[in-house]
Amino acid sequence: MGKTLRLVLGDQLNIQHSWFAETDPDILYLMMEMKQETGYVKHHIQKVVGFFLAMRSFSVDLQDMGHQVLYWNLDDENNTQNLSENLSFVINKHHITHFEYQLPDEYRLDIQLDDFCKHLDISFKKYDSEHFLTERAFLAAFFKGKKTYLMETFYREMRKKYKILMDGKEPLTGKWNYDQENRNKLKDPLLLKKPKVFPKNVSSITALLETMEVETIGAIDENNFDWPVSRGESLEVLDYFCEHLLKRFGEYQDAMYSGDEFLFHSRLSFSLNTKMLSPLEVVSQVERYFECHQDSVSIAQVEGFIRQIIGWREYMRGIYWAKMPEFGSMNYFGHDQKLPDFFWTGKTKMNCLKHSISQSLKSAYAHHIQRLMVTGNFALLAGIDPDEVDQWYLGIYIDAIEWVEITNTRGMSQFADGGIVGTKPYVSSANYIDKMSDYCQGCHYDKKLKIGKKACPFNSLYWHFYNRNTDKLAKNPRIGMMYRTWEKMKDKSAILDQAEFYLERLDEL
């Protein structure tokens, strides 16, 4: 019998995969840190460190289980920093007769491995990653013939299929969605809890990145890196979320607060996207906790969280495989502006952007409303090239892997797909940001002004966006009211002039 090589990518850390159920001395598992992966976009330093730590922890777990593991650090003498070349080297050196890999979740890696296998002179086999609730092609088949893929329809199908928050064939309490109850501003900071963290010293990895000249963005405290990087730590975060944060999660999931970056969010996205946890086990534990604590946890909190996991997350992954690679170049509005410099520094007079961007640079994290309604909202109103927006989001967040990033960014946030993901662009003036946060307090700009030196840029840019895209948006039934309001406004030319003034000076805002 020959020897089999099994490739494990950095986001395939699923210890529950059927691969690992039994040990076999003729199976060699390969894991590699590569500049190919650290360099396809400029990543946040915490993202690179987090992936390396999680990969190293996983390789130790496999070895402890009795598996044969070959792990290459970034500076391994045989490391060419290229996946295909490294695979060829290992196959030749270890006399491999059969190659296996799990289906990657990024299109570029899927193509690379497909191409690699076409030129192999040994047998090979592909496996499912055994992580998601649906197969790659499910969403496209589910919405066959439809122009718009409604997430709510898909979400209900997942609820039924996996019997989550269901009473027979009907949703528990008779209601599918509690979104209307989950849009509250945080008024009492005393409700907040400190996140569950696992501080560790990572100076050896940051030194490695410096030696290997890996370019990164953002900051890191080498003595206090605190993201979960193992299955054990991830399970502790899940337990902590259920016990301390879940009861307020739904109520404040859209809230933004300058004094706390995490609020009641779980901090599980990195653990999920590296597959240290599975979506089904996370949802099942939350549902079990709810069943035992209905006196203190309402269904609105639980449903809001579960919708993000089995609704948005699964749905976005389905969109990705239904629409790539074309999705990656869609630009419905033809936007071509450069991303302002302050996206890399946080140095802007707009308080909401200063907080959201500075937090992202500091912690490699921002929750979905900060991403959608602050940074994403501004980028769309300012006409930023979706390519630039994609690169920024993909690099800066620890949980950003293309399948989940590009669908949220180019689709949901930038409406660059012309309405596949969202039924309307998600834009707002200062009013929404003020409604959901304390960011407008003490800002250089006045949230109430559309015109003048202190006028909040969001206000004039909002109307400029609608005005310049009348041909594309006026017939959209969800935003017709905006155009009726715009038509009645008396100071249209002054508002447009104000917006043009700002658009010409984006780096100065």
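Position in the sequence shown counted from 1, then plus 342, gives you my numbering. The beta carbon of each residue, even a glycine, is placed where N, CA and C say it ideally should be. Remember, predicted model here, so these are calculated numbers, not experimental data.
Item checked: Minimum C-alpha distance to Glu-375 - residue among His-386, Asp-403, Tyr-413 -> Tyr-413
Checklist line | Neighbour-count burial assignment, Thr-812, 16 or more Cβ in a 10 Å radius | finding: exposed
Item checked: His-386, DSSP secondary structure in three states -> strand
Checklist line | Residue burial classification, His-461 (beta-carbon count within 10 angstroms, cutoff 16) | finding: exposed
Margin query: Considering only their Cβ atoms, is the gap separating Asp-780 from Arg-752 smaller than 8 Å?
Written below: no
Check: Looking only at C-alpha atoms, which of Glu-829, Tyr-825, Gly-794, Arg-810 sits nearest to Gln-840?
Finding: Gly-794
Next item on the list: Spell out the partners DSSP gives Asp-602 in its beta bridges.
Entry: Tyr-599
Margin query: Can you find the residues in the same chain that come closer than 7 Å, C-beta to C-beta, to Ala-479, ignoring five residues on each side of it along the sequence?
Written below: Trp-663
Next item on the list: Taking the CB atoms as reference points, tell me whether Phe-618 and Ala-396 lie closer together than 8 Å.
Entry: Reading off the sequence, residue 618 comes out as Met, not Phe. Going by C-beta atoms, Met-618 is nearer than 8 Å to Ala-396.
Check: Run through DSSP, which three-state label would Ile-726 get?
Finding: strand
Check: With a CB to CB cut of under 8 Å and the five nearest residues on each side skipped, what residues in its chain are close to Ala-642?
Finding: Tyr-520, Glu-523, Asn-524, Gly-592, Glu-593
Next item on the list: Indicate whether the contact test is met: 3 or more Cβ pairs, each with one atom in the stretch 774 to 790 and one in the stretch 692 to 700, closer than 8 Å.
Entry: yes
Check: Leaving out five residues before and five after Ile-858 in sequence, what residues of the same chain have Cβ atoms less than 7 Å from its Cβ?
Finding: Residue 858 is absent from the structure shown; the chain starts at 343 and stops at 851.
Notebook entry, point to check: Taking buried to mean at least 16 other C-beta atoms within 10 Å of its own C-beta, is Asp-759 buried or exposed?
Noted result: buried
Checklist line | With 16 other Cβ atoms within 10 Å as the buried cut-off, status of Leu-533 | finding: exposed
Note to self: Am I right that Gly-660 and Thr-515 are in contact with their C-beta atoms under 8 Å? What's the rounded C-beta distance?
What the structure shows: Gly-660 to Thr-515, Cβ: 27 Å. No contact.
Notebook entry, point to check: Are Thr-346 and Glu-419 touching if we call contact CB-CB under 8 Å?
Noted result: no
Checklist line | Burial state of Gly-601, where buried means 16 or more other Cβ atoms lie within 10 Å | finding: exposed
Next item on the list: Using 10 angstroms around the beta-carbon of Gln-679, count the other beta-carbons present and answer buried if the total reaches 16, otherwise exposed.
Entry: exposed
Next item on the list: Quick one: give me the first and last residue of the beta strand (DSSP E) that Gln-444 is part of.
Entry: 438 to 444
Item checked: Secondary structure of Val-556, DSSP reduced to three states -> coil
Note to self: Looking at the strands, I want to know which residues DSSP matches up with Leu-567.
What the structure shows: Note on identity: in this sequence residue 567 is Phe, with Leu being the wrong assignment. For Phe-567, which the question treats as bridged, DSSP gives the partners Lys-542.
Notebook entry, point to check: Is the beta carbon of Trp-734 sitting closer than 8 Å to the one on Phe-685?
Noted result: yes
Next item on the list: Report all residues from its chain with a CB closer than 7 Å to the CB of Glu-575; omit the five preceding and five following residues, and keep chain order.
Entry: Phe-540
Checklist line | Close-in-space but distant-in-sequence residues of the same chain around Glu-379 (CB under 7 Å, 5 per side omitted) | finding: Gly-352
Check: What is the DSSP secondary structure of Gln-650, reduced to helix, strand or coil?
Finding: helix
Check: How would you call Thr-495, buried or exposed, if buried means at least 16 neighbouring beta carbons within 10 angstroms?
Finding: exposed
Note to self: Let's see if you can read the secondary structure: which residues bound the alpha helix (DSSP H) around Ile-748?
What the structure shows: 744 to 748
Check: Around the Cβ of Leu-815, are there at least 16 other Cβ atoms within 10 angstroms (buried) or fewer (exposed)?
Finding: buried
Notebook entry, point to check: For Val-566, does the count of other Cβ atoms within 10 angstroms reach 16, so buried, or fall short, so exposed?
Noted result: The sequence as given places Asn at residue 566; Val does not occur at that position. So Asn-566 counts as exposed.
Next item on the list: Could you tell me the distance, in whole angstroms, from the CA atom of Tyr-491 to the CA atom of His-607?
Entry: 27 Å
Note to self: With three or more beta-carbon pairs closer than 8 Å as the criterion, would you say the stretch 359 to 373 touches the stretch 539 to 557?
What the structure shows: no
Note to self: With a threshold of 6 Å on Cβ separation, who are the neighbours of Lys-527 within its own chain once the five nearest residues in sequence on each side are excluded?
What the structure shows: Ala-597, Met-778
Check: Can you list, in chain order, the residues of its chain whose CB lies under 8 Å from that of Phe-474, leaving out five sequence neighbours each side?
Finding: Pro-621, Glu-656, Arg-659
Item checked: Arg-348 versus Met-500 - alpha carbon distance -> 31 Å
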